[in-house]
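In our numbering, the protein residues as written are 5 to 215.
For every residue, glycine included, the Cβ atom is placed at its ideal position computed from N, Cα and C.
All of these numbers come straight from a predicted model, not from anything done at the bench.
As structure tokens, then:
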């Protein structure tokens, strides 16, 4: 398992990642037995793969928090099950897919998502709107789904099982990290930055309180 900073094109947001080849829940339990991660009602069954991802996500958040100057943070689950730093206005988001777990911390509400570049999303693509089908050519199919997920996390609601309720209405492809504008049913338009790194597509959205 390797712990590292994950590149991030948004100033003021830190992302830490835990990358691995084979996730071993027992190894996670041994390595982070004294990590100070607080248990809460959202914790999965101890020793399962899901629990290992849950634990690594919170370790990644604590390390990302240190990057932005926050120390001794306590992470709990909100009423909606999303991670949050107790007593802080800083936003938190966790994402995982095969081979990586990451935590992001930044000002406002933060949503991060990550998927392997080679993930087969052909079945999910059938649920896209006609205009979004065209975007898969220029933006990439995986990026379309990552953008929707990141926006929904930043809104604090999640996708709610509906990709159609989070349409991508505009994209900007210039520059090193494309931008996708996602229409949120609760927060207006949310901008998501997208970039590729180490075989993964990452999406990051930040919703500031003024929005």
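| Item | Value |
| --- | --- |
| Could you say if the region 19–27 and the region 93–111 meet the contact criterion of at least three C-beta pairs nearer than 8 Å? | yes |
| Around the Cβ of residue 100, are there at least 16 other Cβ atoms within 10 angstroms (buried) or fewer (exposed)? | buried |
| Enumerate in chain order the residues of its own chain whose CB-to-CB distance from residue 203 is below 7 Å, with the five nearest sequence positions on each side excluded. | 120, 121 |
| Give the straight-line distance between the Cα atoms of residue 137 and residue 116, rounded to the nearest whole angstrom. | 23 Å |
| Helix or strand or just coil, what does DSSP make of residue 77? | coil |
| Measuring CB to CB, does residue 194 end up less than 8 Å from residue 205? | no |
| Just reading off the alpha helix (DSSP H) that residue 63 is part of, what are its end residues? | 53–71 |
| Identify, in the order they occur along the chain, each residue of the same chain with its Cβ nearer than 8 Å to the Cβ of residue 29, setting aside the five sequence neighbours on each side. | 51, 52, 53, 55, 56 |
| Where do the ends of the alpha helix (DSSP H) carrying residue 112 lie? | Here residue 112 belongs to no alpha helix (DSSP H), and DSSP marks it neither H nor E. |
| Is there contact here, the region 84–94 with the region 166–180, by at least three beta-carbon pairs under 8 Å? | no |
| Using only CA atoms, which one of 108, 188, 27 lies nearest to residue 13? | 108 |
| Drop a sphere of 10 angstroms on the beta-carbon of residue 133, count the other beta-carbons inside from all chains shown, and report buried for 16 or more, exposed for fewer. | exposed |
| So the candidates are 44, 124, 59; which of them puts its Cα closest to the Cα of residue 217? | Within the shown structure, residues of the chain are numbered from 5 to 215, placing residue 217 beyond reach of any answer. |
| State yes or no: is the C-beta of residue 125 within less than 8 Å of the C-beta of residue 146? | yes |
| Near residue 10, what residues of its chain come up, given a Cβ to Cβ distance below 8 Å and the 5 sequence neighbours on each side ignored? | 19, 20, 21, 106, 201, 206 |
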